[in-house]
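Residue numbers (my numbering), protein chains in the order written: chain Z, 20 to 231; chain F, 20 to 231. C-beta atoms are modelled at their ideal positions from N, C-alpha and C, and glycine is treated no differently.
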DNA sequence: TACGCTAACGAACGATCGTTAGGCACTGTC
DNA sequence: GACAGTGCCTAACGATCGTTCGTTAGCGTA
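As structure tokens, this is what we get:
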């Protein structure tokens with residue numbers, strides 16, 4: 020209640036968004052179970068009971084955090100993998116936008132990744148289904164590329180999952196105070212993914228040192 | 020070393036190992052904070068108080084789980100990245116063994132990744148330092164390859180971290196009942212990593228669709 | 001027989017958990 | 001000026017948390 024905002028108003032809408040934002044930061048730092056309602060309340064500057072005027076339960080806050088951060092990106096970008104139109108260029112573009120988007124939403128993404136099991140079963144399943152459709156779209160798109168002869172990937176499924184691991188992993192190590200902007204890192208990953216990871220003829224067993 | 024027992028005796032060595040094994044499974048499934056001492060005790064078939072004869076605290080169990088699963092692998096394999104002797108072959112071998120080892124120890128690895136912050140500060144720092152040395156060894160090795168002309172990676176640091184994300188991500192999607200053995204997946208990743216991801220001349224911006 | 005050790009027990013400790021009940025101050029509407 | 005709604009409060013609920021207590025049964029050794 021610092022500023023009921025006649026004009027300017029740094030926080031739009033109010034408490035609910037504030038709680039979501041603060042709780043997501045706390046959950047990302049100390050995990051969902053590691054943060055109590057009292058901790059959230061005191062970080063917001065409010066009594067624990069007051070939170071229940073905005074959310075019906077603690078899990079409801081988690082719902083609001085995870086809600087559609089991931090799904091929104093997927094829904095908005097699946098078209099780039101459409102089997103009928105997918106190209107190396109559209110793949111590169113998707114990788115780039117994926118990396119940038121996931122970094123921009125890194126807090127919610129981290130919570131969504133780590134605390135998926137704490138979500139209500141229905142919503143967790145919904146998120147999982149959404150991710151699965153994204154995965155499948157990648158696999159299918161790579162398969163198209165292989166069939167079309169312009170992607171020499173050896174195993175489309177393994178390649179897709181490796182690619183997704185690679186670009187989802189950026190958030191785990193990237194730091195903004197380093198020498199590279201996230202956009203640069205994103206473009207490097209697009210290059211590594213499409214030209215390198217997927218775009219290499221699979222001359223197998225040339226000199227690979229078989230393990231005993 | 021599975022069974023030093025003279026006869027019968029279904030459990031080798033004893034309770035301590037049994038508790039570690041059961042607790043790590045529970046922690047991996049429901050998280051460290053999501054599993055109480057009572058749940059561990061009842062899974063072991065013992066009263067909660069009895070666990071304190073084997074461990075001084077709950078965090079002590081976590082210590083025993085994470086202990087040196089990761090570090091043992093790193094310490095045993097760093098030689099493969101020795102700047103003086105590293106080759107594409109040794110890199111391929113390391114990727115393969117990394118994937119297989121991490122899958123075989125997937126439960127402890129999952130707990131170690133997810134619950135690192137729950138560890139005592141000293142031990143957490145030790146684990147982090149160990150991982151960091153592995154990372155740095157990869158970066159350095161790739162740099163050697165680039166200088167030597169046999170690895171055309173664009174940015175050694177980014178490439179190394181992308182590579183590690185890729186191979187660390189396998190555990191998140193691989194399932195044993197699929198069509199591929201973990202060894203096959205491991206070798207595919209070795210191929211993708213060394214031949215594809217790292218081994219591609221960096222013709223940049225050929226036709227990449229710059230984002231607005 | 002007496003001692004010490006290990007491994008386990010049932011019961012309880014204080015703290016913290018998510019949540020709820022009931023009330024107070026303010027706001028805009030009729 | 002009465003009324004409903006909103007936002008927040010204090011206080012407390014029952015449950016569960018990690019942990020500690022005192023005790024005991026069994027075993028090997030002096």
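Checklist entry - What did DSSP end up calling residue 50 of chain Z once you bin it into helix, strand or coil? => result It is coil, neither helix nor strand.
Item to check | Test item: CB-CB of residue 184 of chain F and residue 184 of chain Z under 9 Å | outcome: yes
Item to check | Own chain partners of residue 211 of chain F with C-beta closer than 8 Å, once the 5 adjacent residues on each side are dropped | outcome: 185
Checklist entry - Taking any Cβ of chain F, which residues in the stretch 167 to 178 of chain Z have a Cβ under 8 Å from it, in chain order? => result For the stretch 167 to 178 of chain Z, residues whose beta-carbon sits nearer than 8 Å to a beta-carbon of chain F comprise 173, 174, 177, 178.
Checklist entry - Which stretch, first to last residue, makes up the alpha helix (DSSP H) that contains residue 190 of chain F? => result 189 to 192
Checklist entry - Do three or more CB pairs link the stretch 141 to 148 of chain F to the stretch 62 to 69 of chain F at distances below 8 Å? => result no
Checklist entry - Is the Cβ-Cβ distance between residue 130 of chain Z and residue 46 of chain Z less than 9 Å? => result yes
Checklist entry - If you run the structure through DSSP and keep just helix, strand and coil, what is residue 304 of chain F? => result Residue numbering for chain F in the displayed model covers 20 to 231; residue 304 of chain F lies beyond these limits and cannot be assessed.
Next on the checklist: Which residues in chain F have a C-beta closer than 7 Å to the C-beta of residue 180 of chain Z? List them in chain order.
Outcome noted: Result: 192.
Checklist entry - Using the C-alpha atoms, what's the distance from residue 111 of chain Z back to residue 21 of chain F? => result Because residue 21 of chain F sits at a pLDDT of 29, beneath the cut-off of 50, its placement in the model cannot be relied upon, and the following sentence gives the value as read from the coordinates. Cα to Cα, residue 21 of chain F sits roughly 50 Å from residue 111 of chain Z.
Checklist entry - Thinking just about the alpha-carbon of each residue, which of Z:37, Z:101, Z:92 is nearest to the one in residue 83 of chain Z? => result Z:37
Next on the checklist: I'd like to know if residue 52 of chain Z contacts chain F, where contact means its C-beta is closer than 9 Å to some C-beta of that chain.
Outcome noted: yes
Checklist entry - When you check each C-beta in the stretch 118 to 130 of chain F against every C-beta of chain Z, which residues fall closer than 9 Å? => result 119
Item to check | Burial state of residue 43 of chain F, where buried means 16 or more other Cβ atoms lie within 10 Å | outcome: By the neighbour-count rule (16 or more Cβ atoms within 10 Å), residue 43 of chain F is buried.
Next on the checklist: the ligand ADP and residue 73 of chain F: does the residue's C-beta get closer than 8 Å to at least one heavy atom of that ligand?
Outcome noted: No copy of the ligand ADP appears in this structure; indeed no ligand is present at all.
Item to check | Identity of the residue in Z:198, Z:90, Z:56 nearest residue 76 of chain Z by Cα | outcome: Distances from the CA of residue 76 of chain Z to each of Z:198, Z:90, Z:56 were compared; the closest alpha carbon is that of Z:56.
Checklist entry - Buried or exposed: where does residue 195 of chain Z fall if 16 or more other Cβ atoms within 10 Å of its Cβ makes it buried? => result Taking all protein chains in view, the Cβ of residue 195 of chain Z is surrounded by fewer than 16 other Cβ atoms within 10 Å, so the residue is classified as exposed.
Checklist entry - Name the chain Z residues whose beta carbon is nearer than 7 Å to that of residue 211 of chain F? => result 178, 181, 216
Next on the checklist: Here's a check: name, in chain order, each residue in its chain whose Cβ is nearer than 7 Å to the Cβ of residue 26 of chain Z, leaving out the five neighbours to either side.
Outcome noted: For residue 26 of chain Z, the pLDDT reaches just 28, beneath the cut-off of 50, and the residue's location in the model is therefore unreliable, leaving the point undetermined.
Item to check | Neighbour list for residue 188 of chain F in chain Z, Cβ cutoff strictly below 8 Å | outcome: 180, 181, 183, 184, 185, 187, 188
Next on the checklist: Suppose the cutoff is 8 Å on Cβ atoms and the five residues either side in sequence are ignored; what does the same chain contact list for residue 137 of chain Z look like?
Outcome noted: 51, 52, 78, 81
Next on the checklist: Quick check: the Cα distance between residue 69 of chain Z and residue 191 of chain Z, rounded to an integer number of angstroms?
Outcome noted: 34 Å
Checklist entry - So, using beta-carbon positions, are residue 139 of chain F and residue 90 of chain F closer together than 9 Å? => result no
Item to check | Partners in chain Z for residue 207 of chain F, counting only beta-carbon separations shorter than 7 Å | outcome: Here the neighbours are 173, 174, 177.
Checklist entry - Below 9 Å between beta carbons: does that hold for residue 156 of chain F and residue 164 of chain F? => result Going by C-beta atoms, residue 156 of chain F is not nearer than 9 Å to residue 164 of chain F.
Checklist entry - Can the beta-carbon of residue 216 of chain F be found closer than 9 Å to that of residue 160 of chain F? => result no
Checklist entry - Do you know how far the Cα of residue 106 of chain Z is from the Cα of residue 169 of chain Z? => result If you draw a straight line from the Cα of residue 169 of chain Z to the Cα of residue 106 of chain Z, it comes to about 9 Å.
Checklist entry - Going along the stretch 125 to 159 of chain F in order, which residues come within less than 9 Å of chain Z, judged by CB to CB distance? => result If the cut-off is 9 Å between Cβ atoms, the stretch 125 to 159 of chain F has 133, 134, 136, 137, 154 near chain Z.
Item to check | residue 48 of chain Z classed as buried or exposed, judged by whether at least 16 other C-beta atoms fall within 10 angstroms | outcome: exposed
Next on the checklist: Determine, for residue 100 of chain Z, whether the minimum Cβ-Cβ distance to residues of chain F falls below 9 Å.
Outcome noted: no
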